[in-house]
Amino acid sequence: MANNKRGPEPGSQKAKHGGQAVREKYGTEFYARIGKKGGEAVKQKRGPQFYSEIGKKGGESTKRQQGSAFYSRIGKKGGERGRAASSAAAPAQTQDESSANP
């Protein structure tokens, strides 16, 4: 399959350096901006239902490749992160405080 696009072969070392040059020139915010712009264009063209459909396809593919136990593992990790973050954000009551509050 011939590459008819201008520039270096995708995935090559030259292509990698080109991406780094763009990042240095425009900054990392540039990628966020163009990503959002592209996402909005897809949403306008295909509608929000498109994202639901591709999400389901991605989930099914991940389930086939990783197995259903994968979701159990990542769910537990997410739950641990959520509990750790919420307990760190809220200071624990001391014994004196808990007995003072009826």
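Residues 2 to 103 in this note's numbering are what the sequence shown lists, from first letter to last.
From the three backbone atoms N, C-alpha and C, an ideal C-beta is built for every residue, glycine too.
Alpha carbon of residue i to alpha carbon of residue j, nearest angstrom
i: R7; j: S13; result: 14 Å
i: A42; j: P11; result: 24 Å
i: I55; j: K46; result: 15 Å
i: G68; j: E81; result: 21 Å
i: F31; j: E25; result: 10 Å
i: G36; j: S73; result: 30 Å
i: G76; j: P49; result: 26 Å
i: T29; j: R65; result: 34 Å
Integer-rounded CB distance, given that residue j should sit under 8 Å from residue i
i: F71; j: T63; result: 7 Å
Own chain residues within Cβ distance below 8 Å of residue i, not counting five before or after
i: P9; result: K15, A16 and G19
Ranges of the alpha helix (DSSP H) found wholly within the segment 15–84, counting only runs of at least 4: 29–47 and 50–67
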